[in-house]
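One structure below.
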Amino acid sequence: MTISRRKLLGTAAVAAAAARVVKAAPATARPVAVSSANGLRAVERAVKGMMGGEDPLDSAIAGVNIVEDDPTDMTVGYGGIPNEEGVVQLDACVMHGPTARAGAVASLEGVKNPTRVAKLVMETTDHILLVGPGARHFATVNGFANENLLTEKARKVWLFWKQNLSDNDKWLEPDPAHYDPDVKAFIEENGWDDLRKPKSGGTIHLSAVNARGDLAGCTSTSGLFFKMPGRVGDSPIIGAGCFTDNDVGSAGSTGRGEANILVSGGHLTVEFMRQGKHPRDACLMTLERIARTTREKRLLNVAGRPNFGIRFYAVNKAGQYGGASMYSHNSTGKRRQFAVADSSGARMEDAAFLFEGRM
Ligand code: GLY
19 MTISRRKLLG TAAVAAAAAR VVKAAPATAR PVAVSSANGL RAVERAVKGM
69 MGGEDPLDSA IAGVNIVEDD PTDMTVGYGG IPNEEGVVQL DACVMHGPTA
119 RAGAVASLEG VKNPTRVAKL VMETTDHILL VGPGARHFAT VNGFANENLL
169 TEKARKVWLF WKQNLSDNDK WLEPDPAHYD PDVKAFIEEN GWDDLRKPKS
219 GGTIHLSAVN ARGDLAGCTS TSGLFFKMPG RVGDSPIIGA GCFTDNDVGS
269 AGSTGRGEAN ILVSGGHLTV EFMRQGKHPR DACLMTLERI ARTTREKRLL
319 NVAGRPNFGI RFYAVNKAGQ YGGASMYSHN STGKRRQFAV ADSSGARMED
369 AAFLFEGRM
């Protein structure tokens, strides 16, 4: 089923109207950092660093490290939800505007801060992306210990998922009257209505521009909940999970990585900004491209719209910024927002959106 041009334009017009109320940042607001909603402390740290003269990529990474270290964010770094075998595998990338260099790691095990390893790939190798055991070996020789990233809460959530997966295996479904309180809280927080098809969410992307107009971006994630071992999402793919061009701007994404990879969404968003689009409108146009090119029936709802969540964040060289989401609200009914910080402080702002609804 395809989405008619008319339907898309209608919803895009609604989104554009919602977006118009967001005031564009004047150039004097630089430095600016923009991130996914879980990055309020990260953008605050990033701007503080840039105000102190730190390189924008160092500031971006230091901000993202706060979220990677936090076990209560179960979509990034330490405490992330594991793959289907119960193993935490992390993806991350960094991109540095002034030098036009990038580094990334995928399916990395045992390191809380994959963004720090990604930066070392960028700085100390001739490569861009290291994966799996190769990434782990690279981290080890660079002095990163092999830590257990699986917290008790994440282990319990994973085991609960496994126990509920099928009536035809040897695992018995837990009694709903005696669900573990941690697991119960996690189900509610994530709006799971079907335990066999749990909703997946999270990841952090952060893009930054300093007072001189130099840009950087970085993205970090534990990936889709219960993914297949070795599955790599968009986050470590330069041009998808993140892209930075020092002449134009920086952009990145959170949400269904497979959808983003198919349109090279980070790069596409930067290209829309290069054409003169405001960062918010550039994010919306990338979402529109995803909606238009999502054709598999299993990925569409009854209205013919994507049945998954995905979001983009962008900042341009002048310090204008924006964030946009495929849907206006998350699965628990909370308005989709993004985090931003500039010289006047850190705050949450409502994201523009392509479609009204929950996802
Ligand atoms: N966007 C994160 C992922 O799909 O892994």
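19 is the number of the first residue of the sequence shown in the working numbering; add one for each residue after it. C-beta: ideal position from N, C-alpha, C; glycine also.
Item	Value
Inter-residue Cα distance where the pair is residue 170 and residue 365	31 Å
DSSP state of residue 5 mapped onto helix, strand, coil	Given that the chain is displayed from residue 19 to residue 377, the structure contains no residue 5 and the question cannot be resolved.
Check whether residue 350 and residue 257 have beta carbons under 8 Å apart	no
Of the listed residues 225, 195, 58, nearest to residue 73 (C-alpha basis)	225
C-beta atoms of residue 94 and residue 102 nearer than 8 Å	no
Minimum C-alpha distance to residue 49 - residue among 245, 230, 262, 104	230
For residue 97 and residue 360, the rounded distance between their alpha carbons	29 Å
C-alpha gap between residue 378 and residue 322, whole angstroms	There is no way to answer for residue 378, as the model of the chain reaches only from 19 to 377.
Residue 214 in three-state terms, based on DSSP	coil
Segment contact flag, the stretch 135-152 with the stretch 104-119, C-beta cutoff 8 Å, min 3 pairs	yes
Short Cβ contact (8 Å threshold) for residue 234 with residue 75	yes
Where residue 87 sits in the DSSP three-state scheme	helix
Cβ shell of residue 281 (< 6 Å), same chain only, five flanking positions each side left out	307, 308
Whether residue 64 touches residue 55 by CB criterion (8 Å)	no
Buried or exposed by the 16-neighbour rule on C-beta atoms within 10 Å, applied to residue 248	exposed
Delimiting residues of the beta strand (DSSP E) encompassing residue 200	Where residue 200 is concerned, there is no enclosing beta strand (DSSP E), although the alpha helix (DSSP H) it sits in stretches over 199-207.
Supposed close pair residue 222, residue 60 - CB separation, criterion 8 Å	7 Å
Buried or exposed by the 16-neighbour rule on C-beta atoms within 10 Å, applied to residue 327	buried
Residue nearest to residue 111 in terms of C-alpha spacing, selected from 184, 314, 146, 91	146
Among 277, 276, 262, the one whose alpha carbon lies nearest that of residue 270	262
Simplified DSSP assignment, three categories, for residue 56	helix
Complete beta strand (DSSP E) runs within the stretch 65-121 (minimum length 3 residues, chain order)	108-114
Pair within 8 Å by beta-carbon distance, residue 153 and residue 100	no
Beta strand (DSSP E) segments (min. 3 residues) lying fully within the stretch 287-368	328-334, 339-347, 355-360, 363-368
Residue environment, residue 158, which counts as buried when at least 16 other CB atoms sit within 10 Å	exposed
Chain-order list of residues whose beta-carbon lies under 7 Å from that of residue 41 (same chain, five-residue window excluded)	Model confidence at residue 41 stands at a pLDDT of 45, short of 50, so the residue's coordinates are unreliable and nothing is read from them.
Contact set for residue 53: own chain, Cβ-Cβ below 7 Å, skip 5 residues either direction	60, 61, 222, 223, 224, 331, 356, 357
Exposed unless 16 or more other CB atoms sit within 10 angstroms - verdict on residue 315	exposed
Beta-carbon gap between residue 81 and residue 115 smaller than 8 Å	no
Burial state of residue 39, where buried means 16 or more other Cβ atoms lie within 10 Å	Confidence at residue 39 is low in this model, with a pLDDT of 36, below 50, so its placement is unreliable and the value that follows should be read with caution. The residue is exposed, with fewer than 16 neighbouring Cβ atoms inside 10 Å.
Cβ neighbours of residue 67 in the same chain (closer than 6 Å, five flanking residues each side left out)	77, 80
Within 8 Å, strictly: CB atoms of residue 201 and residue 174	yes
Boundaries of the beta strand (DSSP E) in which residue 273 is found, first to last residue	267-273
C-beta atoms of residue 371 and residue 345 nearer than 8 Å	yes
Under the three-state DSSP convention, the category residue 41 falls into	Residue placement at residue 41 is flagged as unreliable, the pLDDT there being 45, under the threshold of 50; a coordinate-derived value is accordingly withheld.
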